[in-house]
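Input: a single structure, listed below in structure tokens.
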Amino acid sequence: MRNVQKNPPAPGLYATRAKPFRQGPKPLYHRSTAMNAPDQAPPAEAAPEAAALPAPPPPPKDPGPPAASLCSGASLRWDVLYALINVAAIPYFLYRRWVLKKDLLGREQKKGYVPERPAHAKRIWIHAVSVGEAKATHVIVKALEKQIPDAEVVFSTTTDTGQEVARKLYGEERVFYYPQDYSGSVKRALDRVKPALIVLMELEVWPNFTAEAAKRGIPIVVLNGRISTRSAQRYGHVRWLMGNTFLRVRRWMMQSEEYGRRAKDVGVEPARIEVTGNIKYDDVGTQPVTKEERAAARADLALGEDALTILAGSTHPSEERTLLDVYRLLVEKFPKLRLVLAPRHPHRLAEVEKEIAGAGLACLKRSAVKAQGNAALDRLPEEKRARAVVLIDTMGELKDLYRAADIAFVGGSLIPHGGQNPMEPAGMGLPVVYGPYMHNFGEAVLILRDCEGGPGGLLVNNAGELAKRFEILLADEKERVATGERARNAFVRRQGATDKCVAYLKQLLDEKKG
374 MRNVQKNPPA PGLYATRAKP FRQGPKPLYH RSTAMNAPDQ APPAEAAPEA AALPAPPPPP
434 KDPGPPAASL CSGASLRWDV LYALINVAAI PYFLYRRWVL KKDLLGREQK KGYVPERPAH
494 AKRIWIHAVS VGEAKATHVI VKALEKQIPD AEVVFSTTTD TGQEVARKLY GEERVFYYPQ
554 DYSGSVKRAL DRVKPALIVL MELEVWPNFT AEAAKRGIPI VVLNGRISTR SAQRYGHVRW
614 LMGNTFLRVR RWMMQSEEYG RRAKDVGVEP ARIEVTGNIK YDDVGTQPVT KEERAAARAD
674 LALGEDALTI LAGSTHPSEE RTLLDVYRLL VEKFPKLRLV LAPRHPHRLA EVEKEIAGAG
734 LACLKRSAVK AQGNAALDRL PEEKRARAVV LIDTMGELKD LYRAADIAFV GGSLIPHGGQ
794 NPMEPAGMGL PVVYGPYMHN FGEAVLILRD CEGGPGGLLV NNAGELAKRF EILLADEKER
854 VATGERARNA FVRRQGATDK CVAYLKQLLD EKKG
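Under our numbering, the first residue of the sequence shown is numbered 374, with each subsequent residue one higher.
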């Protein structure tokens, strides 16, 4: 084995790597992230011990349907306004179509010619504008399938990318394009879909659509609602024009108090606003890892029961080298320390394997352990086994393999990439360490930073700080465990929005059935 002292990672690693990876790192808070951070939610109630499904929470109070004066139906006046706007924007639309190659798909469906469906008493139409909203719907759908198994859910999106995601999640037969807000398009779409209830993810409220749905007595609910600062300002300028549109929505179920205040500012009746929290946190697994699960995950990586394990998830170029340098330094003080690397992109596996060899360390592939068990470790040179770096070269296992770790490092954060998801390891009760470039998950970072009793997520700016942070956590088991628990509890306290929303949707469907 290469002698670490003869080939050190870098003389005085703590000191010489003390400057940031790049001067002037991108701010941690992306756009208005700090402003949009969710308010503290009340502590979650303890889960019942019974294996049966938990009883849904009482639904939020229903403010009732909009006033009859608001239910006059789609208007030709909006058609005229849209036509004038579209004529003025012809150059822009031609550019999108012929240069950017956008707006080419779903043209007939956008005119309302969506697949016609037979009548169904509990059909729910969920609209998600683009990719993010489309992905968020699956949390709601899972809960709907449990709480309202006889409901039929169909989906629309506005963008092509959102359409692609929705079709992968739910199949082509249930997914279609949202109609343009011309009165004829809206009427045709509603005639063909025949929804009992309409759910708009986050916002996407259009005048003719809401007016026609209100005329037909179809409740509209904004779910997981959010209104950005920019959107609030724009709506504020045209409040005189859009006011009735917002009043036709039966219920605004908002992600945070701040979003609720913005909804009120743009003209939504306070009685129709309910702050339920963000449904995306309900998708974070927060069940404590059992001893059996931990042992199984460690066996999957050929790790000993007493190994101190750092799992670096979704790493990017140059980060593996930094982690290997830090590992070679720390393993001298912590002989039972093991490093697990999970590169973000599979095509980089060979590159990372060379990095491991270049650091004088043996590489133990997850695929080899999967095929051979501990025999894969025995095949490595005896003098290198104790410090072998585990390389996760399989797909779709990272979430489960976090159970084997004592500390998690979030990749894509030491370079100007924007970071990867810190919520999975945090939900498992791991202390989460990340670099300065986490703007893709700024809200989650704020939550981890501001945990009750101290941080659950730990920011480092460079390799020196990374080594120091790892050393502190490795040396102090009590603090390591406490940090992980703070991270997990931060998301536990924010869960429950989905059950509140589904309970309300169920109430509306039952009311229509009655």
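Glycine included, each C-beta is placed from N, C-alpha and C at the ideal position.
- Note on arginine 752: under 16 other CB atoms within 10 angstroms of its CB, so exposed under the neighbour-count rule.
- Look at the region 606-685 and you find these whole runs of beta strand (DSSP E), each 3 residues long or longer: 624-627 and 646-648.
- Collapsing the DSSP output to three states places leucine 517 in a helix.
- Residues of the same chain with a CB within less than 7 angstroms of the CB of leucine 563, apart from the 5 flanking positions on each side, are Glu585, Ala586 and Arg589 in chain order.
- In this structure, the alpha-carbon of proline 661 lies about 14 angstroms from that of alanine 670.
- Only residues of its own chain outside the window of five on either side were considered, and among them Pro580 and Asn581 have a CB closer than 6 angstroms to the CB of tryptophan 451, listed in chain order.
- Scanning Ser503, Leu674, Ser629 and Glu755 for the CA closest to the CA of alanine 744 turns up Leu674.
- Pairing glycine 677 with phenylalanine 619, the inter-Cα distance amounts to about 59 angstroms.
- Closest in C-alpha terms to leucine 454, from the list Leu819, Ala636, Arg547 and Tyr555, comes Tyr555.
- Nearest in C-alpha terms to phenylalanine 814, of all of Glu797, Leu803 and Glu825, is Glu797.
- Listed in chain order, the alpha helix (DSSP H) runs fully inside the region 821-884 are 836-848 and 850-865, counting runs of at least 4 residues.
- Contact between leucine 573 and leucine 542 does not hold, since the beta-carbon distance rounds to 18 angstroms and is not under 8 angstroms.
- Looking at the DSSP output, proline 716 bridges to Thr688.
- Just measuring C-alpha positions, the residue of Ile646, Phe864, Ser687 and Arg635 sitting nearest arginine 612 is Arg635.
- Residues of the same chain with a CB within less than 7 angstroms of the CB of asparagine 794, apart from the 5 flanking positions on each side, are Phe814 in chain order.
- Ranking Ile729, Thr663, Val833 and Arg711 by CA distance to the CA of glutamate 693 puts Ile729 first.
- Counting only residues of its own chain and dropping the five nearest sequence neighbours on each side, glutamate 726 has a CB closer than 7 angstroms to the CB of Cys736 and Leu764.
- Buried is the label assigned to tyrosine 551, since at least 16 other Cβ atoms lie within 10 Å of its Cβ.
- The C-beta of isoleucine 820 has 16 or more other C-beta atoms within 10 Å across all chains shown, which makes the residue buried.
- Membership of valine 806 in the beta strand (DSSP E) is indicated by the continuous run 805-807.
- Contact check for leucine 750 against arginine 758 passes: the beta carbons are separated by less than 8 angstroms.
- Judged by DSSP in its simplified three-state form, histidine 493 adopts coil rather than helix or strand.
- If you compare the alpha carbons of Gly485, Val865, Thr530 and Ile788 with that of alanine 836, the shortest gap goes to Ile788.
- Burial of isoleucine 571 is indicated by the presence of at least 16 other C-beta atoms within 10 angstroms of its C-beta.
- Secondary structure at tryptophan 498: strand, using DSSP grouped into helix, strand and coil.
- Exclusion of the five residues before and after leucine 771 leaves Gly686 and Ala715 as the residues of its chain whose Cβ lies within less than 6 angstroms of its Cβ.
- Under the criterion of beta carbons closer than 8 angstroms, methionine 627 and threonine 649 qualify as touching, at roughly 7 angstroms.
- Around the beta carbon of isoleucine 499, a 10 Å sphere encloses 16 or more other beta carbons of the protein chains shown; the residue is thus reported as buried.
- Burial state of methionine 801 is buried, judged by a 10 Å Cβ sphere holding 16 or more other Cβ atoms.
- For glycine 640, same chain residues with a beta-carbon under 8 angstroms away, outside a window of 5 residues either side, are Tyr608, Arg612, Met615, Gly616, Phe619 and Leu620 in chain order.
- A residue is called buried when at least 16 other Cβ atoms come within 10 angstroms of its Cβ; isoleucine 593 meets this threshold and is buried.
- By DSSP's assignment, arginine 711 forms a beta bridge with Thr682.
- By the Cβ test, the region 846-856 is not in contact with the region 527-539, since fewer than three Cβ pairs between them sit closer than 8 angstroms.
- When secondary structure is reduced to three states using DSSP, leucine 478 falls in the coil class, being assigned neither helix nor strand.
- For glutamate 665, the closest of Pro643, Pro568 and Ala777 by C-alpha to C-alpha distance is Ala777.
- CA-CA distance, tryptophan 471 to leucine 478, rounds to 13 angstroms.
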